[in-house]
Amino acid sequence: MAVMAPDRPQAPSTEDEPVEIPERPGAFGLADTGVLVSCAASTFMFVWLLFFRIAPLSGVVGFGICWYLLFLAAYWFVVRELDGPVLAGDRLMAVVVTSAAIAMVVPLFLILGYVTAKGIHALRLSFFFRTMRTVGPLASATAGGAAHAIVGTLEQVAIAVVLTVPLGFLCAICLNEIGGPLRRPIRIFVDAMSGVPTIVAGLFVYAIWVARFGFSGFAAALAISISMLPIVTRTSEEVLRLVPGGLREASLALGTSEWRTVWGVVLPTARSGLITSVILGVARAIGETAPLIMTAFGASVMNANPFKGAQSALPLFIYKQMTESSVASVQLRAWTASLVLMLMVLVLFSLARLVGSRAAKRGRLRRAPEKYR
Amino acid sequence: MSTTDTIDLTGPGWDAGPPVTGDLVAEGVSAWFGEHKVLEQVSLQMAPRRVTALIGPSGCGKSTFLRILNRMHELVPGALLAGSVLLDGADIYGPGMRPIQTRKRIGMVFQKPNPFPAMNVYDNVLSGLSLSGGKAPDADELVEQSLMRAGLWKEVRNRLRQPGGALSGGQQQRLCIARALAVKPEVLLMDEPCSALDPTSTRRIEETVLELANLVTIVIVTHNMQQAQRVSSHAAFFLAAEDEPGRIVEEGPTERIFEGPEDPRTADYVHGRFG
Amino acid sequence: MSAGSDTMNAEAPRAIRPERTRADRVYRGVAIAAGLVTLVVLFLIGLFLFLRAIPAWRDNGWRFFTTSTWNPDSPTAGYHSGVLGLLLGTIQIALIALVIAVPIAILTALFLTEYVPGRMRRPLTSVLDLLAAVPSLIYGIWGFFFLQPHLIGVSTWLANNLGFIPLFSTPDGPFFAASPFIAGVLVALMLMPTATSVMREVFSQAPQGEKEAALALGGSRWRMIRKVVLPFGRGGIVGGSMLALGRALGESISVAIIISAVFKFNPYMLNTGGNSIGAHIANRFGDAQPAHGLPALMAAGLVLFVLTLIVNTVASLIVRRSRSGSGVEI
Chain F
1 MAVMAPDRPQ APSTEDEPVE IPERPGAFGL ADTGVLVSCA ASTFMFVWLL FFRIAPLSGV
61 VGFGICWYLL FLAAYWFVVR ELDGPVLAGD RLMAVVVTSA AIAMVVPLFL ILGYVTAKGI
121 HALRLSFFFR TMRTVGPLAS ATAGGAAHAI VGTLEQVAIA VVLTVPLGFL CAICLNEIGG
181 PLRRPIRIFV DAMSGVPTIV AGLFVYAIWV ARFGFSGFAA ALAISISMLP IVTRTSEEVL
241 RLVPGGLREA SLALGTSEWR TVWGVVLPTA RSGLITSVIL GVARAIGETA PLIMTAFGAS
301 VMNANPFKGA QSALPLFIYK QMTESSVASV QLRAWTASLV LMLMVLVLFS LARLVGSRAA
361 KRGRLRRAPE KYR
Chain V
374 MSTTDTIDLT GPGWDAGPPV TGDLVAEGVS AWFGEHKVLE QVSLQMAPRR VTALIGPSGC
434 GKSTFLRILN RMHELVPGAL LAGSVLLDGA DIYGPGMRPI QTRKRIGMVF QKPNPFPAMN
494 VYDNVLSGLS LSGGKAPDAD ELVEQSLMRA GLWKEVRNRL RQPGGALSGG QQQRLCIARA
554 LAVKPEVLLM DEPCSALDPT STRRIEETVL ELANLVTIVI VTHNMQQAQR VSSHAAFFLA
614 AEDEPGRIVE EGPTERIFEG PEDPRTADYV HGRFG
Chain U
649 MSAGSDTMNA EAPRAIRPER TRADRVYRGV AIAAGLVTLV VLFLIGLFLF LRAIPAWRDN
709 GWRFFTTSTW NPDSPTAGYH SGVLGLLLGT IQIALIALVI AVPIAILTAL FLTEYVPGRM
769 RRPLTSVLDL LAAVPSLIYG IWGFFFLQPH LIGVSTWLAN NLGFIPLFST PDGPFFAASP
829 FIAGVLVALM LMPTATSVMR EVFSQAPQGE KEAALALGGS RWRMIRKVVL PFGRGGIVGG
889 SMLALGRALG ESISVAIIIS AVFKFNPYML NTGGNSIGAH IANRFGDAQP AHGLPALMAA
949 GLVLFVLTLI VNTVASLIVR RSRSGSGVEI
């Protein structure tokens, strides 16, 4: 009678019946919740006693670690007594797994909260329109702005997009549409390229371009492209793979050439996925700092020409302001810039999700209804 | 009997008079996938103004044979073939013969309806032309004519701008037929076009096939023997013994194949003793 | 039965000429060229770093790999520089990060695939992707101002209570700021989202039939995971960890912000002082002289490039060849 399927924590089980019914090892009833909570509470109090009354141990973190470990041990023992070793192991691991997930997620909120709290003070409209040209090192946080940095970032990323997107799409087309014996080696190269540290990319562009032509936004765009290209290629390839083969066949059977099939059928069908992959690539690119140090170099004045002369960029702005001065107002300005950067990433991210889900609703790549499959 | 509109045979591009084209002949066609031989010496004449049905149990190479006829077989890596396929006397695999040209003269409708989801109904019908860079002098008329011939015009005339994927399964398949017809092929290959559809849609497509037989040579692969009897005037029975490549066991007029087959294996199949 | 007589030898397959149009041939050529661009770029990176690093070889020879000083611009020190300390420090921080990140990534991936009901999966995955999108710079400054004070508390606790273990001993005394440990924890935070994503994809492809069989035999969820999901995902776990290793080795900005740079390798991770090649390049680029300092940095960059290239290629091969990884994107 019992269904042996992994159960989620659910409402109190109505199957508290006599011994004939085999157990459902996953079910998590009211009694089990009680065991969990009481274990947690009692170990908490015990450790509190230990820390603050009996022994000279100290520290919030130490407290937390002790309590957690003791809680796990106590929980395991209790469940073992009540329900046997198999279930004890299972429940213990469920707690451990859930804690790991919480540990993973919590930093996001801490980071967002902290950056917002610190950055919101100096956030004024002027931040987006002024530069640091006339601002001294002791000026207040609201003096000056990051206009030059924002312009720099926008220009550099725009050039990187222009360079990366056609190349990335073509590479994805090569991998997915043309295939053949080249597919495996090229995939390996793309993977290898995605592992190149961004600072090495910066050094490379310095060696190949900046040493001869000087610092510029364009050089920064080149360095950014090196990190962006593998991302765009890989996500585009995934999207192209989702296009059903039947569409390609239908197009070819009409007497269409290969490239027109790709241009007229495959790419339009995959359009929203391709757009998403570009947006995600941009979201990663705007946060790159290391390669900018040796290519754009940074400036405190506006340089709207990306092809000539050092240019600032938002991450560079943050990095320099934060690390080159310990004056509070300077750092506050850097926090504001960080907030702006985070907001840009969030906006791009939501945009990508929006594009993706809107296409799904319009049924672009929706599969045929069950009956006709 | 027919619920479709009457077909205008004098529309753009279709001559009422000779020469008769669409004479398709396969001579000694054998096929391999890598080392594995799947067809053995298949020869068949598929004459114009006729519907030829390819029948037989699944796995005998009927679909493979069909794909050889419009050069789709070679898209599979490792696909090989021997023999020749003559369209109006010329071998489509001969030197200098482009697959693209062949596919424009020999069209195909697939088992699973596959209209292009990124285009609306109107553009789907014209896609064969627009994809190959051609231009239709009278696009609206061509669309209407193709949809009429496919038996879909009445249902979609007010929905031409809706996406191609928004139609029902049967309608999608007729859209694919219209799309194939808009390229004005001489031959139309159909690979089990009704197997994914409900009985009503199936019947409508069978009616369409009968009407189209005057315009294009039709070769249809089907599992459904009743369908073969309803629709075709000629039939070829394919069979593959275990671990053997597929062959044509018997071929001839449909009536003879079903009512007086010469080969006992044919008789067994058409009487439902295996399948 | 067959039409006509067969005079052709039908047993030998004929050559099928694709007879592509010129437009198609151009298209294929362009696409293949695009594919090869990646190879070309990789090659160029290696080549140019090597060329620019030649003066450093001239100054140091093989001692570049065996010493731990950094005075390339000073004539009195003979323009010597050595990458050994940097290399060891890089590996140290990366290993600390791995040890913390990989178990949590595996557990979180299991949480997402096995423990979470379907509706919650999408929002949680979005959170994960967002975590991966946060720039490492932001991690770095947040880590410096917010996380470090708390981690110093952890370091203190570890040193006081577990200090008898050599790894946690602090011969320099109670100086815990800007240590490899703190840098390692921060890098771990950055690695976890991407590692989790890889493993999550891998685990989600575990064969449903085997999982059901394990449960039907009366196994608990955890037993089923241990017997089916984890063995299946072995390739993905190893590959994902190596990928994380590759990223950890290349981290520069966040480490530069946290760490207090030294050149001799500091094996006592709780104590102040450490370094990594990436952080070092970021710190020193500003005042490196073109004659000696810059080539030395180029040489260090080349070492890092080769190291990460090897690690990433091996990782990608492991993932792609494994039973679980063949469909997975890293």
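Residue numbers (the working numbering), protein chains in the order written: chain F, 1 to 373; chain V, 374 to 648; chain U, 649 to 978. Positions of the beta carbon are idealized from the N, C-alpha and C atoms, including for glycine.
task: Return the chain-ordered list of same chain residues with a C-beta closer than 7 Å to the C-beta of residue 749 (chain U), the five sequence neighbours on each side being excluded.
output: 836, 839, 840, 843 and 892
query: Which first and last residues belong to the beta strand (DSSP E) in which residue 409 (chain V) is found?
result: 409–419
message: Just to confirm the assignment, what range does the alpha helix (DSSP H) spanning residue 882 (chain U) have?
response: 882–898
query: Based on Cα-Cα distance, which residue from F:357, F:260 and F:66 lies nearest to residue 49 (chain F)?
result: Residue F:66 holds the alpha-carbon nearest to the alpha-carbon of residue 49 (chain F) among F:357, F:260 and F:66.
field: Rounded straight-line distance, which links the Cα of residue 901 (chain U) to that of residue 928 (chain U)
entry: Rounded to the nearest angstrom, the gap between the Cα atoms of residue 928 (chain U) and residue 901 (chain U) is 9 Å.
field: Residue range of the alpha helix (DSSP H) that includes residue 241 (chain F)
entry: 217–242
- request: Report, in whole angstroms, the separation of the C-beta atoms of residue 828 (chain U) and residue 922 (chain U), which I expect to be a contact under 8 Å.
  value: 4 Å
query: Going by other Cβ atoms of all chains shown within 10 Å of its Cβ, with 16 needed for buried, is residue 496 (chain V) buried or exposed?
result: buried
message: I'd like the span of the beta strand (DSSP E) that includes residue 406 (chain V), first residue to last.
response: 397–406
message: Under 9 Å, Cβ to Cβ, is there at least one residue of chain F near residue 814 (chain U)?
response: no
- request: Keeping to the same chain, check which residues put their C-beta closer than 8 Å to that of residue 862 (chain U); ignore five residues upstream and five downstream.
  value: 871, 872, 875 and 876
message: Between the stretch 170–178 of chain F and the stretch 673–686 of chain U, can you find at least three pairs of beta-carbon atoms closer than 8 Å?
response: yes
Contact with chain F by residue 739 (chain U), beta-carbon distance below 9 Å: no
field: Outcome for residue 913 (chain U) when other beta-carbon atoms lying within 10 angstroms are tallied against a minimum of 16
entry: buried
- prompt: Whose C-beta lies closer than 8 Å to the C-beta of residue 792 (chain U) among residues of the same chain, with five residues either side of it excluded?
  reply: So the list reads 905 and 906, once near-sequence residues are dropped.
query: Any idea what DSSP makes of residue 597 (chain V), helix, strand or coil?
result: For residue 597 (chain V), the secondary structure class from DSSP, reduced to helix, strand or coil, is coil.
message: Run through the DSSP bridge pairs and tell me what residue 379 (chain F) is partnered with.
response: A question about residue 379 (chain F) goes unanswered here, because the residues of chain F that appear run from 1 up to 373.
query: Using a beta-carbon distance cut-off of less than 8 Å, what residues from the stretch 237–250 of chain F approach chain V?
result: 244, 246, 247, 249 and 250
message: For residue 157 (chain F) and residue 224 (chain F), what's the separation of their Cα atoms in angstroms?
response: 8 Å
query: Which stretch, first to last residue, makes up the beta strand (DSSP E) that contains residue 452 (chain V)?
result: 452–460
- request: Let me know the beta strand (DSSP E) ranges lying completely inside the stretch 474–553 of chain V, each 3 residues or longer, listed in chain order.
  value: 479–482
query: What do you get for residue 774 (chain U), buried or exposed, if any count of 16 or more other CB atoms within 10 angstroms of its CB means buried?
result: exposed
message: Cutting at 7 Å between CB atoms, please list the residues of its own chain near residue 351 (chain F), excluding the five before and the five after it.
response: 279
message: I believe residue 542 (chain V) touches residue 486 (chain V) by the beta-carbon criterion, under 8 Å. Please report the beta-carbon distance rounded to the nearest angstrom.
response: 6 Å
query: Listing by chain order, which chain U residues have their CB less than 9 Å from the CB of residue 47 (chain F)?
result: Correct list: empty, because the minimum Cβ distance to chain U is about 13 Å.
field: Span of the alpha helix (DSSP H), counted from its first residue to its last, around residue 707 (chain U)
entry: 670–708
message: I'd like to confirm the pairing. Which residues does DSSP put opposite residue 424 (chain V) in its beta bridges?
response: Looking at the DSSP output, residue 424 (chain V) bridges to V:591.
- request: Consult DSSP for residue 616 (chain V) and reduce its assignment to one of helix, strand or coil.
  value: coil
task: From the DSSP output, in three-state form, read off residue 624 (chain V) for me.
output: Residue 624 (chain V): strand per DSSP, three-state reduction.
Chain-order list of residues whose beta-carbon lies under 7 Å from that of residue 869 (chain U) (same chain, five-residue window excluded): So the list reads 762, once near-sequence residues are dropped.
task: Using alpha carbons as the reference points, say which of U:745, U:712, U:788 and U:800 lies closest to residue 733 (chain U).
output: U:712
query: Span of the beta strand (DSSP E) holding residue 561 (chain V)?
result: 560–564
Burial state of residue 26 (chain F) (16 or more Cβ within 10 Å): In this predicted model, residue 26 (chain F) has a pLDDT of only 45, less than 50, meaning its place in the structure is not dependable; the value taken from the coordinates is given anyway. Per the 10 Å Cβ criterion, buried.
- prompt: Could you give the distance in angstroms between the alpha-carbon of residue 357 (chain F) and the alpha-carbon of residue 799 (chain U)?
  reply: 40 Å
message: If you reduce the DSSP assignment to three classes, tell me which class residue 968 (chain U) lands in.
response: helix
Nearest-angstrom Cα separation, counted from residue 188 (chain F) out to residue 244 (chain F): 25 Å
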